[in-house]
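**Q** Line order of the protein sequences matches chains P and W.
Heads up: the first sequence begins at 2 in my numbering, then just goes up one per residue.
Heads up: the second sequence begins at 2 in my numbering, then just goes up one per residue.
Note that beta-carbon positions come from the ideal geometry of N, C-alpha and C, so glycine has one too.
Sending over a structure as structure tokens; questions will come in a sec.
There are 2 protein chains.
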Amino acid sequence: MAFHLLQRDREGAGRLAGALSEALGAIRHCAQCNNFSETELCDLCATGERDPRLLCVIETPADLLMMELTRAYQGLYFVLMGRLSPLEGIGPNEIGMQRLLERAGDGITEEVILATNFTAEGEATAHAVGELLRQRGLKVTRIARGVPVGGELEYVDSGTLAQALLERRPTSL
Amino acid sequence: MAFHLLQRDREGAGRLAGALSEALGAIRHCAQCNNFSETELCDLCATGERDPRLLCVIETPADLLMMELTRAYQGLYFVLMGRLSPLEGIGPNEIGMQRLLERAGDGITEEVILATNFTAEGEATAHAVGELLRQRGLKVTRIARGVPVGGELEYVDSGTLAQALLERRPTSL
């Protein structure tokens with residue numbers, strides 16, 4: 002891309018550079034949910050139409066978009082902007098653990114929903130975050146693990162199937 | 002395959018025909034779990050080493066193999082050999098509903114685990130079967146629906162994510 006811009010589109014390169022440095026100056030983190038925002042509070046935190054008793058902890062802004070696409074969640078978010086990953090030198094400070102604890106301890110939050118990925122690092126992050134939040138007397142839940150909607154047993158990996166079996170639940174009437 | 006056998010491998014065709022009619026004569030349904038078996042009771046039902054209080058309801062013999070691969074289940078099975086599908090003319094009689102009710106009502110079975118697929122037909126089957134079993138006072142559970150093990154939120158369909166959110170569960174200590 003760099004070669005193309007320098008050789009064939011020097012004007013476009015200038016526009017791109019301008020847009021990038023403008024974004025760098027304008028975009029910061031929302032004071033409440035830690036997501037990218039141009040204002041002190043992001044639009045989602047500022048509306049006042051979301052349920053402030055629910056706080057959903059996710060890894061990235063892309064995950065927040067996915068959650069919003071489901072239209073199944075009406076609470077607020079906290080974006081970690083990463084996950085615990087000792088091998089990459091990402092510890093509790095890098096994912097804003099302290100800020101999350103302060104955010105969740107605001108006295109309004111009743112339930113923290115851990116929605117980090119079901120990868121090894123996401124699970125470790127959920128475990129560590131959940132542990133600290135529970136010590137503060139908060140209700141902590143984790144999104145369900147199991148067979149995807151529309152999924153057939155024959156094509157599901159055996160780890161998922163074993164987990165779905167262990168986490169089976171009573172059928173509702 | 003038929004053209005190949007007739008033109009190039011008439012001897013193989015004879016062997017295949019023999020094997021097939023032998024199988025047709027020898028293989029029937031296990032009297033207990035309804036799976037294919039060469040004996041009155043299949044090996045799995047006959048061992049006596051499985052937990053008779055658990056009964057897992059699945060659609061096909063292939064699903065039974067998948068469940069066994071997980072090594073997470075120690076109970077017995079009932080194979081429906083299909084699913085409810087009104088459009089294909091498959092009703093309660095075709096999936097051995099009556100046999101399942103008799104099997105589950107043996108007085109030893111305590112919990113019936115519904116492990117039909119999470120497709121529309123599989124869900125409808127689980128609902129119908131579960132309803133009838135609950136009326137007979139049995140504990141009925143369904144394997145978990147949610148994000149697969151190793152799954153990342155960003156790449157999961159929104160139906161599954163919504164379901165995982167609705168079926169979130171308290172984290173254990």
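1) Touching or not, the region 63 to 78 of chain W and the region 9 to 19 of chain W, by the rule of three or more beta carbon pairs under 8 Å?
2) Between W/MET2 and chain B, is any beta-carbon pair separated by less than 8 Å?
3) Entirely within the region 78 to 121 of chain P and at least 3 residues each: give me those beta strand (DSSP E) ranges in chain order.
4) Taking the runs of the beta strand (DSSP E) that are 3 residues or longer, which of them lie wholly in the region 22 to 70 of chain W?
5) For a contact defined as C-beta to C-beta under 9 Å, what are the partners of P/ALA104 on chain W?
6) Work out the CA separation of P/ASN36 and P/GLU89 for me, nearest whole Å.
7) Leaving out the 5 sequence neighbours to the left and right, which residues in its chain are closer than 8 Å to W/VAL148 when beta-carbon positions are compared?
8) Run down chain W in chain order and give the residues with a C-beta less than 7 Å from the C-beta of P/TYR183.
9) Put P/ARG169 into one of helix, strand or coil per three-state DSSP.
10) W/ILE91 touches chain P at which residues, Cβ-Cβ below 8 Å?
11) Measure the alpha-carbon distance for W/ALA125 versus W/ASP64 and round it to whole angstroms.
12) Residues of chain P with a CB under 7 Å from the CB of W/MET82: which are they?
13) Over what stretch of residues does the beta strand (DSSP E) that includes W/ARG143 continue unbroken?
14) Whose C-beta lies closer than 7 Å to the C-beta of W/THR172 among residues of the same chain, with five residues either side of it excluded?
15) Can you check whether the C-beta of P/THR48 is within less than 8 Å of a C-beta belonging to chain W?
16) Might you give, ordered along the chain, the residues of its own chain that have their beta carbon closer than 8 Å to the beta carbon of P/ILE96, omitting 5 neighbours on each side?
17) Going by C-alpha distance, which of P/CYS34, P/SER22, P/ILE144, P/SER38 is nearest P/ILE28?
18) Could you check if P/GLU60 is buried or exposed, using at least 16 other CB atoms within 10 Å of its CB as the buried criterion?
**A** In short, the structure shows the following:
1) Cβ pair count under 8 Å is below three, so no.
2) Checking the listed chains, one finds no chain B in this structure; the protein chains it contains are P and W.
3) Whole beta strand (DSSP E) segments, 3+ residues: 112 to 115.
4) DSSP assignment within the region 22 to 70 of chain W yields the following whole beta strand (DSSP E) runs of 3 residues or more, N-terminal first: 52 to 59.
5) Within the first sequence, the letter at position 103 stands for residue 104 of chain P. It should be noted that the sequence gives Arg, not Ala, for residue 104 of chain P. Result: empty, since nearest Cβ-Cβ is about 18 Å, beyond 9 Å.
6) For the purposes of this step, residue 89 of chain P is identified with residue 88 of the first sequence, where counting begins at 1. For the purposes of this step, residue 36 of chain P is identified with residue 35 of the first sequence, where counting begins at 1. Whole-angstrom Cα-Cα distance: 22 Å.
7) Your numbering for residue 148 of chain W matches position 147 in the second sequence. Correct list, in chain order: LEU154, VAL157, THR161, LEU162, ALA165.
8) Examination of residue 183 of chain P is not possible in this model, given that chain P is present from 2 through 174 alone.
9) If you number the first sequence from 1, residue 169 of chain P lands on position 168. It is coil, neither helix nor strand.
10) As a first step, residue 91 of chain W must be located in the second sequence, where it is residue number 90. Simply none; closest approach about 16 Å.
11) By one-based count along the second sequence, residue 125 of chain W stands at place 124. By one-based count along the second sequence, residue 64 of chain W stands at place 63. For W/ALA125 and W/ASP64, the distance between alpha carbons rounds to 17 Å.
12) In the second sequence, counting from the first residue as 1, residue 82 of chain W sits at position 81. Result: empty, since nearest Cβ-Cβ is about 14 Å, beyond 7 Å.
13) Here residue 143 of chain W refers to the residue found at position 142 when the second sequence is read from its first residue. From DSSP, the beta strand (DSSP E) with W/ARG143 extends over 140 to 143.
14) On the second sequence, residue 172 of chain W is found 171 positions in, with the first residue counted as 1. Answer for W/THR172: no residue qualifies.
15) Locating residue 48 of chain P in the first sequence gives position 47, where the first residue counts as 1. With 8 Å as the cut-off, P/THR48 does not count as an interface residue toward chain W.
16) Looking up residue 96 of chain P in the first sequence gives position 95. In chain order, LEU81, MET82, GLY83, ARG84, LEU85, THR126 place their CB closer than 8 Å to the CB of P/ILE96, counting only its own chain and leaving out the 5 sequence neighbours on each side.
17) Along the first sequence, read from residue 1 onward, the residue named residue 28 of chain P stands at position 27. The option with the nearest alpha carbon to P/ILE28 is P/SER38.
18) Taking the first residue of the first sequence as position 1, residue 60 of chain P is located at position 59. The residue in question, P/GLU60, is buried, as its Cβ has 16 or more Cβ neighbours within 10 Å.
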